[in-house]
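Engineer: Just dropping this structure here.
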Amino acid sequence: MEKLFQAVYSGILYGSIYGLMAIGLTLIWGSLRMLNMAHGALYVVGGFVAWTALKLWGFPPLLALALGVVAGALIGLLIQVLLINRLIGRPSFFNAAMIATVGAAIMIESATLLIYGPRVKQMPPLISGQFKFTGVVIQYQGLVIIAISAVSLILLSLFLKKTRYGLAIQAVSQQLDAARLMGIPTVLTFMMVMTLSGALAGLGGGLLSSVFYIAPTAGYTPMVKALVVTIFGGLGSIKGTIWAAYIIGLLEAFLQVYLGPSYALPGLFLFMILMLVIRPRGLFGLGEMQRL
Amino acid sequence: MINETALSESGANRVAKRLDPAAGPWAKTNPVALVAIILVLLAMPWVLASFSTGRFILHLVILFFVWGIVTQSWNLILGVGGIFSFAQVAFFVIGGIASGAAAQQLGVSPFISIWLAPIAATIAALIIGLPSLRLRGPYVVLLTLAFAELVRNFATQGPKWIAGGGYGLRDVPKFGFEGIWGTATGRVAYYYVGMIFFMIATYVIWRIFYSPIGMSFRALRDSETYATSRGVDPFRFKLLLFALSAFFTGLAGGFLVHYNGSQAPTILNFSLTINLLAMIVLGGWGTFWGPILGTALLTALPEILRGPLENWRNMGMGASLALIAVFAPEGLFPLLQNWSRKLFGRKNAEQRPPG
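Shown next, in the form of structure tokens:
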């Protein structure tokens, strides 16, 4: 019973984090049809900026977290403006965008390495302390993460469904040409998507660096997991991604608790490979129309 | 009942049987130049091995051979086939593990065990290639990344004779040339072995690149629907592409493990993959000479820039990847080709490969 609770708690915690990371990727895929390989780097930026604000400048935790979010958003916007906007409309957009974002990721990584050095840093939790519930140690920090990501996911889906800008993003992901004909400024929409997804990655980095650690290359594993989630949920589908985030999180936690931590990752990837073989477009995937 | 003459006169058959002269560059290779290049390549290591900086350069050249094989074969998948596979380094490591573990645990001579490397890598490529073939674009990226992570997991936490408690393969028997002839001459011997592998791989890839098979790969990349409708079987050709590419990569992995005498699982970190990708992209994605040029550049440059600029190395590499993607998406080799064509004004200079 204890094990079950432990697995469910960690699963929901992982799921919230994966949700934050993966929504950004799926938004970008939906509207731009590109794989943002710099997503992990944005996560690192968020983590480091929050850490700097908290530890070196002595800002209050929430403000530090907000700064991390802003930094992630700004760098995301910068990548879009400097690199991706120039590539839009090229026949080999997918390749070129992927390589450009890989380049951006390396630059960000080496910049953080030059500034902060290779040693890992850990953020103090926003709220410290813990309590025991049916034998499972639950940290307040974990609950904060679950709450913040749930709130941001709800806010995001409200934004996408209710506001003009959110509807523009949805229109662009559904039918680029039609959206353009209806007078939606597509390039601006792309920039908005990239900013949003950078902000979410920054939030993920800021939140998670108090649970794990932050280092220049710490973004790679969350990014790969986010990729797993996005693909499992079906690229471009918000609903699918949120479902997939919690399913994958729970699956990983159950593997960890019942089989041991070293089986979690291989188990997850094996499951992923099987999933792709059986259902190549994920749970709620969009089609693979060639676009741009 | 299709009329036979009609079939033989149809375009598809003619292409398959007789290539345009521009498509078969080996037909007009200058034998004198070829012999001269080979003589230089044969003589060079003896000069380099005679002084200590030269021996280091020789080491770099051997590494160039290894990574040159890997980038060329990865370019077959990425550039020529247009399949975004990130599993290349995993094939490389599998080759290294197969050969290294056989030599270490079973006491097989490295000269024999190295042939296990390409076989193991090819089998791995077929296993991962089969599910990948149904997918495209981002799904292939993920599947191959997941495969690479699985291999990394295996290489760090797998059975002891592979993972070595997280340190990877250590104390693998080397080819042993340095024991027979001393360090300097031994390295020359390694150079020759590496060169032979490199030349075989390059020659085979060169022939494939301009052959009807290479044409089919490119056709599948550019328009799968059209290529399929013209009789190119995507399943067969993509599987062949994966197998070919992994074969040489595994061979290179086997060679490196017996050259270094070890294989750390850290080479499966993403940085090597990115480094190799940068070589291909910088040199020229999908062109024949691009990966070779890129590998030479990115093997030599970091060593030249050693010292004060070392910390900025990665930054420069990232920047050059981004810049290439935006301003010269075809890479440096086509760029150089254009410049030289403008400079020397040769209209009949080697036709741009259909890549």
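Chains as they are written, first to last, in our numbering: chain A, 1 to 292; chain B, 1 to 355. Where a beta carbon is used, it is the ideal one built from N, C-alpha and C, also for glycine.
V47 (chain B): buried (16+ other C-beta within 10 angstroms of its C-beta) or exposed?
Structural biologist: For the purposes of this step, residue 47 (chain B) is taken as residue 47 along the second sequence, with counting starting at 1. Counting Cβ neighbours within 10 Å, V47 (chain B) comes out exposed, since fewer than 16 surround it.
Engineer: Which whole runs of the alpha helix (DSSP H) in the stretch 102-183 of chain B are 4 residues long or more, in chain order?
Structural biologist: 110-113, 116-132, 138-157, 160-163 and 177-181
Engineer: I'd like to know whether the C-beta of R236 (chain B) is nearer than 8 Å to at least one C-beta of chain A.
Structural biologist: As a position in the second sequence, residue 236 (chain B) is number 236, starting the count at 1. No - not a single Cβ of chain A is within 8 Å of the one on R236 (chain B).
Engineer: First and last residue of the beta strand (DSSP E) that includes F131 (chain A)?
Structural biologist: As a position in the first sequence, residue 131 (chain A) is number 131, starting the count at 1. According to the DSSP assignment, F131 (chain A) belongs to the beta strand (DSSP E) that extends over Q130 to F133.
Engineer: From what residue to what residue does the alpha helix (DSSP H) around Q256 (chain A) run?
Structural biologist: Counting from 1 along the first sequence, the entry for residue 256 (chain A) is found at position 256. Residues I238 to L259.
Engineer: Please list, in chain order, the chain B residues whose beta carbon lies closer than 7 Å to that of F94 (chain A).
Structural biologist: Locating residue 94 (chain A) in the first sequence gives position 94, counting from the first residue. Here the neighbours are G137.
Engineer: DSSP state of I278 (chain A), grouped into three classes?
Structural biologist: Walking along the first sequence from the start, residue 278 (chain A) turns up at place 278. Note: I278 (chain A) maps to helix in three-state DSSP.
Engineer: Going by the beta-carbon positions, is the gap between G95 (chain B) and G253 (chain B) smaller than 8 Å?
Structural biologist: One-based indexing of the second sequence puts residue 95 (chain B) at position 95. One-based indexing of the second sequence puts residue 253 (chain B) at position 253. Cβ atoms of G95 (chain B) and G253 (chain B): closer than 8 Å.
Engineer: Can you grab the Cα-Cα spacing for the pair L74 (chain A) / L160 (chain A), in whole Å?
Structural biologist: The count along the first sequence starts at 1 and reaches residue 74 (chain A) at position 74. The count along the first sequence starts at 1 and reaches residue 160 (chain A) at position 160. For L74 (chain A) and L160 (chain A), the distance between alpha carbons rounds to 20 Å.
Engineer: Are at least three pairs of beta-carbons, each pair with one atom in the stretch 69-86 of chain A and one in the stretch 289-308 of chain B, less than 8 Å apart?
Structural biologist: no
Engineer: Do A296 (chain B) and F64 (chain B) have their beta-carbon atoms positioned less than 8 Å apart in this structure?
Structural biologist: Numbered from its first residue, the second sequence carries residue 64 (chain B) at position 64. Numbered from its first residue, the second sequence carries residue 296 (chain B) at position 296. In contact: F64 (chain B) and A296 (chain B) (Cβ atoms closer than 8 Å).
Engineer: Can you tell which of A:G249, A:E2 and A:E109 has the C-alpha that lies nearest to the C-alpha of W312 (chain B)?
Structural biologist: Here residue 312 (chain B) corresponds to residue number 312 of the second sequence, with the count starting at 1. Per the Cα distances, A:E109.
Engineer: Name the two residues that bound the continuous alpha helix (DSSP H) containing I79 (chain A).
Structural biologist: As a working mapping, residue 79 (chain A) is identified with position 79 in the first sequence. Per DSSP, I79 (chain A) belongs to the alpha helix (DSSP H) from P61 to I79.
Engineer: Please classify Y167 (chain B) as buried or exposed, where buried requires at least 16 other C-beta atoms within 10 Å of its C-beta.
Structural biologist: If you number the second sequence from 1, residue 167 (chain B) lands on position 167. The residue is exposed, with fewer than 16 neighbouring Cβ atoms inside 10 Å.
Engineer: With distance defined between alpha-carbon atoms, name the residue in A:Y43, A:L87 and A:A7 nearest to V187 (chain A).
Structural biologist: As a working mapping, residue 187 (chain A) is identified with position 187 in the first sequence. Among A:Y43, A:L87 and A:A7, the Cα nearest to that of V187 (chain A) is on A:L87.
Engineer: If V151 (chain B) and V93 (chain B) are in contact, beta carbons under 8 Å, what's the gap, nearest whole angstrom?
Structural biologist: As a working mapping, residue 151 (chain B) is identified with position 151 in the second sequence. As a working mapping, residue 93 (chain B) is identified with position 93 in the second sequence. Going by Cβ atoms, the distance from V151 (chain B) to V93 (chain B) rounds to 6 Å, so yes, they are a contact pair.
Engineer: Is it a yes or a no for the stretch 128-146 of chain A touching the stretch 323-335 of chain B, going by three-plus beta-carbon pairs under 8 Å?
Structural biologist: no
Engineer: Can you tell which of B:L130, B:A33 and B:N75 has its C-alpha closest to the C-alpha of K238 (chain B)?
Structural biologist: Along the second sequence, read from residue 1 onward, the residue named residue 238 (chain B) stands at position 238. Nearest C-alpha to K238 (chain B): B:L130.
Engineer: Does the CB of Y14 (chain A) have a neighbour CB from chain B at under 8 Å?
Structural biologist: Position 14 of the first sequence, counted from the first residue, corresponds to residue 14 (chain A). It does not: the Cβ of Y14 (chain A) has no partner Cβ on chain B nearer than 8 Å.
Engineer: Assign L255 (chain A) to one of two classes, buried (16 or more other C-beta atoms within 10 Å of its C-beta) or exposed (fewer than that).
Structural biologist: Locating residue 255 (chain A) in the first sequence gives position 255, where the first residue counts as 1. Flag for L255 (chain A) reads buried.
Engineer: Please state whether DSSP places I146 (chain A) in a helix, a strand or coil.
Structural biologist: What you label residue 146 (chain A) is simply residue 146 of the first sequence in a count that begins at 1. Note: I146 (chain A) maps to helix in three-state DSSP.
Engineer: Going along chain C, which residues have a C-beta under 8 Å from L251 (chain A)?
Structural biologist: No chain C is present in this structure, whose protein chains are A and B.
Engineer: By Cβ distance, which residues of its chain are closer than 6 Å to A168 (chain A), with the 5 residues on each side in sequence left out?
Structural biologist: As a working note, residue 168 (chain A) is residue 168 in the first sequence. I184 and T189, listed in sequence order.
Engineer: When the Cα of K55 (chain A) is compared with those of A:I115, A:A22 and A:P124, which residue comes out closest?
Structural biologist: For the purposes of this step, residue 55 (chain A) is identified with residue 55 of the first sequence, where counting begins at 1. The residue with the shortest Cα to Cα distance from K55 (chain A) is A:P124.
Engineer: To the nearest whole angstrom, what separates the beta carbons of I77 (chain B) and S245 (chain B), a pair I think is in contact under 8 Å?
Structural biologist: By 1-based counting over the second sequence, the position of residue 77 (chain B) is 77. By 1-based counting over the second sequence, the position of residue 245 (chain B) is 245. Confirmed, Cβ separation roughly 5 Å.
Engineer: Given this structure, state the Cα-to-Cα distance separating E288 (chain A) from V277 (chain A), to the nearest angstrom.
Structural biologist: The residue labelled residue 288 (chain A) in the question sits at position 288 within the first sequence. The residue labelled residue 277 (chain A) in the question sits at position 277 within the first sequence. Caution is warranted here: a pLDDT of 47 is assigned to E288 (chain A), below 50, making its placement in the model unreliable, and the coordinate value is therefore given only provisionally. Cα to Cα, E288 (chain A) sits roughly 16 Å from V277 (chain A).
Engineer: Kindly indicate which three-state DSSP category G11 (chain B) falls into: helix, strand or coil?
Structural biologist: Within the second sequence, the letter at position 11 stands for residue 11 (chain B). Low confidence applies here, because G11 (chain B) scores a pLDDT of 48, under 50, leaving its location unreliable and the question unanswered by this model.
Engineer: Could you give the first and the last residue of the continuous alpha helix (DSSP H) run that contains I127 (chain A)?
Structural biologist: Here the question's residue 127 (chain A) lines up with position 127 in the first sequence. No alpha helix (DSSP H) holds I127 (chain A); DSSP gives it neither H nor E.
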